[in-house]
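Chains as they are written, first to last, in numbering that gives the first Met the number 0: chain A, 0 to 116; chain B, 0 to 396; chain C, 0 to 168; chain D, 0 to 101.
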Amino acid sequence: MNEWLYVGLFFIVGLIIPIGAIAMGFMLGPKKPNPIKQSTYECGIEPVGEGWVQFKAQYYIFALVFLVFDVETVFLFPWAVKLGQLGMFAVIEGIVFILILIAGLVYTWRKGMLEWV
Amino acid sequence: MNFWNDPLKVAADWLMGIFTSWGMNDVAAHVLVAFLGVLLLITILMVIDIFLVWIERKVVSRFQDRIGPNRVGPFGLIQPFADIIKLMIKEDTTPDGADKVVYNIAPILSMMSVLILWAVVPLAPVMLGVDLNIGVLFIIAAGSIGTLSIIMAGWSSNNKFSVIGAFRCVAVMVSFEIPMLATLLIPTIFTGSMGMNAIIQGQNIWYVFLSPLAALIFLIAAIAELGRAPFDLAEGESELVSGYNIEYSGMKFGMFYAGELLHAFTFGGFWAIMFFGGYRFFGLEQISPFLAIAIILFKALVGYWIIMWVKYTVMRIRIDQMLAFNWKFLTPVAFVLVMVTALMNALLRDAGNWLYITGMILSNIIVAWASLEIVRLVSKKERERVEGLKQVVEAHH
Amino acid sequence: MTGEHIIFLIVGAVTLLSALMVVTMRNLVHAALWLVATLFGVAIIYTLLNAGFLAVVQVVVYIGAIAILFIFAVMLTRRQAADTGVSVNKNWWAGALMAVLTFAGLAYLLQSWRGFSKTAAAIPSGFDAVNQLGEALTSPAGYVLPFEVASVLLLAALVGAVYLAFNKK
Amino acid sequence: MIPLSWYLILAAGLFSIGLFGVLARRNAVAILLGVELMLNAVNINLVAFWRYGDVTQMAGQVFAIIVFAVAAAEVAVGLALVISVYRRRNTVVAEELDLLKW
Numbered sequence: 000m001n002e003w004l005y006v007g008l009f010f011i012v013g014l015i016i017p018i019g020a021i022a023m024g025f026m027l028g029p030k031k032p033n034p035i036k037q038s039t040y041e042c043g044i045e046p047v048g049e050g051w052v053q054f055k056a057q058y059y060i061f062a063l064v065f066l067v068f069d070v071e072t073v074f075l076f077p078w079a080v081k082l083g084q085l086g087m088f089a090v091i092e093g094i095v096f097i098l099i100l101i102a103g104l105v106y107t108w109r110k111g112m113l114e115w116v
Numbered sequence: 000m001n002f003w004n005d006p007l008k009v010a011a012d013w014l015m016g017i018f019t020s021w022g023m024n025d026v027a028a029h030v031l032v033a034f035l036g037v038l039l040l041i042t043i044l045m046v047i048d049i050f051l052v053w054i055e056r057k058v059v060s061r062f063q064d065r066i067g068p069n070r071v072g073p074f075g076l077i078q079p080f081a082d083i084i085k086l087m088i089k090e091d092t093t094p095d096g097a098d099k100v101v102y103n104i105a106p107i108l109s110m111m112s113v114l115i116l117w118a119v120v121p122l123a124p125v126m127l128g129v130d131l132n133i134g135v136l137f138i139i140a141a142g143s144i145g146t147l148s149i150i151m152a153g154w155s156s157n158n159k160f161s162v163i164g165a166f167r168c169v170a171v172m173v174s175f176e177i178p179m180l181a182t183l184l185i186p187t188i189f190t191g192s193m194g195m196n197a198i199i200q201g202q203n204i205w206y207v208f209l210s211p212l213a214a215l216i217f218l219i220a221a222i223a224e225l226g227r228a229p230f231d232l233a234e235g236e237s238e239l240v241s242g243y244n245i246e247y248s249g250m251k252f253g254m255f256y257a258g259e260l261l262h263a264f265t266f267g268g269f270w271a272i273m274f275f276g277g278y279r280f281f282g283l284e285q286i287s288p289f290l291a292i293a294i295i296l297f298k299a300l301v302g303y304w305i306i307m308w309v310k311y312t313v314m315r316i317r318i319d320q321m322l323a324f325n326w327k328f329l330t331p332v333a334f335v336l337v338m339v340t341a342l343m344n345a346l347l348r349d350a351g352n353w354l355y356i357t358g359m360i361l362s363n364i365i366v367a368w369a370s371l372e373i374v375r376l377v378s379k380k381e382r383e384r385v386e387g388l389k390q391v392v393e394a395h396h
Numbered sequence: 000m001t002g003e004h005i006i007f008l009i010v011g012a013v014t015l016l017s018a019l020m021v022v023t024m025r026n027l028v029h030a031a032l033w034l035v036a037t038l039f040g041v042a043i044i045y046t047l048l049n050a051g052f053l054a055v056v057q058v059v060v061y062i063g064a065i066a067i068l069f070i071f072a073v074m075l076t077r078r079q080a081a082d083t084g085v086s087v088n089k090n091w092w093a094g095a096l097m098a099v100l101t102f103a104g105l106a107y108l109l110q111s112w113r114g115f116s117k118t119a120a121a122i123p124s125g126f127d128a129v130n131q132l133g134e135a136l137t138s139p140a141g142y143v144l145p146f147e148v149a150s151v152l153l154l155a156a157l158v159g160a161v162y163l164a165f166n167k168k
Numbered sequence: 000m001i002p003l004s005w006y007l008i009l010a011a012g013l014f015s016i017g018l019f020g021v022l023a024r025r026n027a028v029a030i031l032l033g034v035e036l037m038l039n040a041v042n043i044n045l046v047a048f049w050r051y052g053d054v055t056q057m058a059g060q061v062f063a064i065i066v067f068a069v070a071a072a073e074v075a076v077g078l079a080l081v082i083s084v085y086r087r088r089n090t091v092v093a094e095e096l097d098l099l100k101w
């Protein structure tokens, strides 16, 4: 518990410093808003439509593959910590785990889902 | 116990004495002292950050055969302060239709995600920061907060280009997190701990000599994670005008900018900790904690310099090439390397030091050679296929 | 009332409040961001329970991956920046009643359990949870099978999700 | 030291809120958000029981890790379903997906 208190202090100070900097900027800077200044930037022309576009599904695929890999790799960390004291059995086990993981990547790859089209 | 051997403890004891003599209870005084310590560290970091701007501009200009800032103060040293003042007195605009709360939180979170990284950086044998037993994963956790801040910034600006920029940036950042996680497994396997200090203590031989490939992959993944060139797709100037931070001005933009530079410096530091012995340098760190701090800051600066060097040497890569490079090359290689390292570690653990090092280096070289050979063969096939297509087209004409 | 109690109360209140925001927010991106706040609160609860590894995994997996996936999915499935119409269905009162009843039932059941207000023993010195976890996940007497099955489950999820979402039709 | 009851009540509250989200929301993505809350409530309980029981028995933490994996799998498949439905029916409102009722 105790050590996380210090981490918590880092979070608090890490919030205070940028808030302070931004607040200082807010106080020192001029405030003269006008409609043209506040319109969103679009390469100099008038903004067309709303600030939302249809996304391609490819973004989702990469996030999906990332999610699966992220979860599994994180689970490998306790294994890696203990590896030095464990025998061949644990090593084989970890290798099987990684191979199953790579099988997923290979499937996604073979389905052509890793192409950016 | 004198000041030069353990400055933090001396200062903390002195402050504790003062606070308790004011009638504060022990716990509160302890928390207050820790708070002041964290505040001091982060303030120093912000000052370093200001000078990073100067270093960056100076180094870039040398790469590009210019002189760089040289008017304001000696060697232009005052220039970054002028930049800060300029950022501060600029108007803080908020675009129409922006989601005000999210829009304002994003730069704060972005800066915070970098600053909290320093919680786990051991600066000297007597200044370990917070010696968490999961220090390695803490880097990734802080990185996920940074990713989130980019999505928030892009989405809340109510601008197509910032949303697209944010999405591209996040797709790249999360993708490269995987090889980074995988290479972080390797120091963990060598050390048998995820604590930063344990990893440094375990490096009687720098891990870069045990696993140079892992060090290289970590550096590449870190550069992508930082969103720096050649992986700086979030800010494709011609396509996306500036990426997720396009609608930000003044100090809010400054937070993104300063956060990026400090992030690069911090990852230089992590690179040094994971693979180059952190604050250790042939026993010099035992002489004085100040020397140890100088060593780790120097190593971090070297890492930062290498990241800059890559940035200004290599040209920008297209997003499809980048994601293909990550998923089809870097990630499989990183995982194969983890498997080989785990296997070699189990086989050679009892075989003696020299055999262990030789085996590790050899296995690294073999993995690197094999993967490059596979890439060579595949690209040769691809070239032949394209050539064949060309001939077919020409035959038609 | 020690510092730990105060931290718990603040974090718990924020967690529950942001959870309420998750289920009531009309704008789904806001709901996802409130979910992040809830998940972060839960991570702090884990650190209060001395489960540092799980706290970090919570941030890496939930905030770094699951929340991002949610935001991507929201962006992929929406026409307007804000949802039109009501965000709850016409049986929402039944849902609310059900939730309140569940909470009351759980609270009643729990308070009649004798281990309810148990306090924890101190963590033994030299106890390393990550090390123990590594041991438990890899020793044949431990949880090897669930560990491997989790990997197969995620493989199946990846294959299924890729097939479902992007089967060209 | 915080008594176990506080954690259990927090978890029960989180679970109920998640349940409300699942039962009452119209948008399928929002329903999945509710499921996430419920899974988190379960995890708090598991970790609390680990801490308040014998800490050398890692079952609680291992279960929590398996729940992480299950949550990830659930989100991956659930959101893929939502996207798939959206591409075919152009809606993500759960009530309008009533083809099987006919």
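Quick reminder that beta carbons are idealized off the backbone N, C-alpha and C, glycines included.
Item, Value
"Considering tryptophan 53(B), what are the terminal residues of the alpha helix (DSSP H) in which it resides?", "25-62"
"So which residues of chain A does phenylalanine 115(C) contact, with C-beta pairs closer than 7 Å?", "Result: empty, since nearest Cβ-Cβ is about 22 Å, beyond 7 Å."
"Using DSSP's beta-bridge definition, name the partner residues of alanine 263(B).", "None, per the DSSP bridge assignment."
"Where does isoleucine 122(C) land, buried or exposed, given buried means 16+ other C-beta within 10 angstroms?", "exposed"
"Is phenylalanine 67(D) close to chain A, meaning its C-beta is less than 8 Å from at least one C-beta of that chain?", "yes"
"Name, going along the chain, the residues of the segment 36-54 of chain C whose beta-carbon falls closer than 7 Å to a beta-carbon of chain B.", "Gly51, Phe52"
"Consider the Cβ of isoleucine 9(C): report whether some Cβ of chain A lies at a distance smaller than 8 Å.", "no"
"With a Cβ-Cβ cutoff of 8 Å, do proline 186(B) and isoleucine 177(B) count as a contact?", "no"
"Specify, as a first and last residue, the run of the alpha helix (DSSP H) that phenylalanine 324(B) falls within.", "No alpha helix (DSSP H) holds phenylalanine 324(B); DSSP gives it neither H nor E."
"Put asparagine 39(D) into one of helix, strand or coil per three-state DSSP.", "helix"
"Does methionine 74(C) come within less than 8 Å of chain D when only Cβ atoms are used?", "no"
"Figure out for me which residue from Glu71(A), Pro32(A), Val64(A), Ala102(A) has the closest Cα to the Cα of isoleucine 112(A).", "The residue asked about is misnamed: residue 112(A) is methionine in this sequence, not isoleucine. The option with the nearest alpha carbon to methionine 112(A) is Val64(A)."
"By Cβ distance, which residues of its chain are closer than 7 Å to leucine 275(B), with the 5 residues on each side in sequence left out?", "Position check: residue 275(B) holds phenylalanine in this sequence, whereas leucine was assumed. The residues are Trp205, Val207, Lys298."
"Given a cut-off of 8 Å on the beta-carbon distance, is the pair isoleucine 97(A) and valine 337(B) in contact?", "yes"
"By the DSSP assignment, the alpha helix (DSSP H) with glutamate 381(B) in it spans what residues?", "352-395"
"In chain order, what residues of the same chain have a beta carbon less than 8 Å from the beta carbon of alanine 81(C), not counting five sequence neighbours either side?", "Residue placement at alanine 81(C) is poorly supported in this model, since its pLDDT is 48, which falls under 50; the coordinates still yield a value, given next. Closer than 8 Å at Cβ, skipping near neighbours: Arg25, Asn26."
"Measuring only the C-alpha atoms, how far is isoleucine 101(A) from alanine 106(C)?", "45 Å"
"Between which two residues does the alpha helix (DSSP H) containing threonine 39(A) stretch?", "Here threonine 39(A) belongs to no alpha helix (DSSP H), and DSSP marks it neither H nor E."
"Okay, do the segment 213-223 of chain B and the segment 374-381 of chain B touch, 3+ Cβ pairs below 8 Å being the bar?", "no"
"Any C-beta of chain B sitting closer than 8 Å to the C-beta of alanine 66(C)?", "yes"
"Assuming contact is defined by CB atoms lying nearer than 8 Å, are tyrosine 247(B) and proline 79(B) in contact in what I supplied?", "no"
"For leucine 225(B), I'd like the list of residues in its chain whose CB is within less than 8 Å of its CB, leaving aside the five on either flank, ordered along the chain.", "Glu259, His262, Ala263, Phe266, Ile306"
"If I measure Cβ to Cβ from proline 211(B) and keep anything under 7 Å in the same chain, skipping five residues before and after, which residues do I get?", "Asn363"
"Which of the residues in the segment 8-41 of chain B, read from start to end, lie with their CB under 7 Å from any CB of chain C?", "Val26"
"I'd like to confirm the pairing. Which residues does DSSP put opposite asparagine 88(C) in its beta bridges?", "Answer is none; asparagine 88(C) lacks a bridge partner."
"If leucine 322(B) sits next to valine 171(B), beta carbons under 8 Å apart, how far is it from one beta carbon to the other, in whole angstroms?", "7 Å"
"Alpha carbon to alpha carbon, how far is phenylalanine 68(A) from phenylalanine 61(A)? Give it in angstroms, no decimals.", "11 Å"
"By the three-class DSSP mapping on this structure, what secondary structure does alanine 102(A) have?", "helix"
"Is the Cβ-Cβ distance between asparagine 325(B) and serine 174(B) less than 8 Å?", "yes"
"Curious, which full-length beta strand (DSSP E) runs of at least 3 residues does the segment 162-229 of chain B contain?", "none"
"Considering only the alpha carbon of each residue, which of Thr14(C), Leu163(C), His29(C) lies closest to tyrosine 85(D)?", "Leu163(C)"
"Pull out every residue of the segment 138-154 of chain B whose Cβ sits closer than 9 Å to any Cβ of chain C, in chain order.", "Ile139, Ala140, Ala141, Gly142, Ser143, Ile144, Thr146, Leu147, Ile150, Met151, Trp154"
"Could you have a look at valine 12(A) and say whether DSSP puts it in helix, strand or coil?", "helix"
"By the 10 Å Cβ neighbour count, where 16 or more other Cβ atoms means buried, how is isoleucine 62(C) classified, buried or exposed?", "buried"
"Going by C-alpha to C-alpha distance, which of Leu18(D), Ala27(D), Val66(D) sits closest to threonine 101(C)?", "Leu18(D)"
"Please state if the CB of isoleucine 43(D) and the CB of glutamate 3(C) are separated by a distance shorter than 8 Å.", "no"
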